[in-house]
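Participant: Take a look at the following structure, please.
Numbering (our numbering), first residue to last: -4 to 147.
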């Protein structure tokens, strides 16, 4: 059985919609690599979600595209959601948005690619310059923090 997120008594199956307007970035989205920061610069600062190469990648929340380009040879898009909150989507095979574009939750940002020959999407979440685990902290459009947990 695939894990789902439990939020305020509601189920958010990855691929569905959350109670605060969140949209899963890819359907299915089993976690293939967890959030595991090590020290200041090492580790894994987001989660990798399983996604067949070419799967549409959607904005988790609405906002403004603040970056659309390549970082260390990897295509990425970052969306600012107001205040200090932003999400980034990496391992993209293509990008469908440019800097300055306004997007809504669910807007297609591009298509998923792969990491080390495994189809995946890397999703990271930052509040200011601090990375947060995007699977443990879902931020509503109002800025309210909802702390879900994984259940089988």
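C-beta: ideal position from N, C-alpha, C; glycine also. None of the values given here were measured: they were computed from a predicted structure.
Give me the Cα-Cα distance between residue 80 and residue 121, rounded to the nearest whole angstrom.
Facilitator: In the chain shown, counting from the first residue as 1, residue 80 sits at position 85. In the chain shown, counting from the first residue as 1, residue 121 sits at position 126. Going by the C-alpha atoms only, they are around 6 Å apart.
Participant: Would you say residue 78 and residue 58 are within 8 Å of each other, going by their C-beta atoms?
Facilitator: Looking up residue 78 in the chain shown gives position 83. Looking up residue 58 in the chain shown gives position 63. Cβ distance not < 8 Å, so residue 78 and residue 58 don't count as in contact.
Participant: Could you tell me the alpha carbon to alpha carbon distance between residue 28 and residue 108, rounded to whole angstroms?
Facilitator: As a first step, residue 28 is located in the chain shown; it is residue number 33 there, counting from the start. As a first step, residue 108 is located in the chain shown; it is residue number 113 there, counting from the start. Cα to Cα, the separation comes out at about 15 Å.
Participant: According to DSSP, simplified to helix, strand and coil, what is residue 84?
Facilitator: Along the chain shown, one-based indexing puts residue 84 at 89. The answer is strand: DSSP assigns residue 84 an E or B state.
Participant: Could you have a look at residue 129 and say whether DSSP puts it in helix, strand or coil?
Facilitator: Here the question's residue 129 lines up with position 134 in the chain shown. Residue 129 falls in the coil class under three-state DSSP.
Participant: Between 103, 33 and 39, which has its C-alpha nearest residue 129's C-alpha?
Facilitator: Your numbering for residue 129 matches position 134 in the chain shown. Minimum Cα distance to residue 129 is reached at 39.
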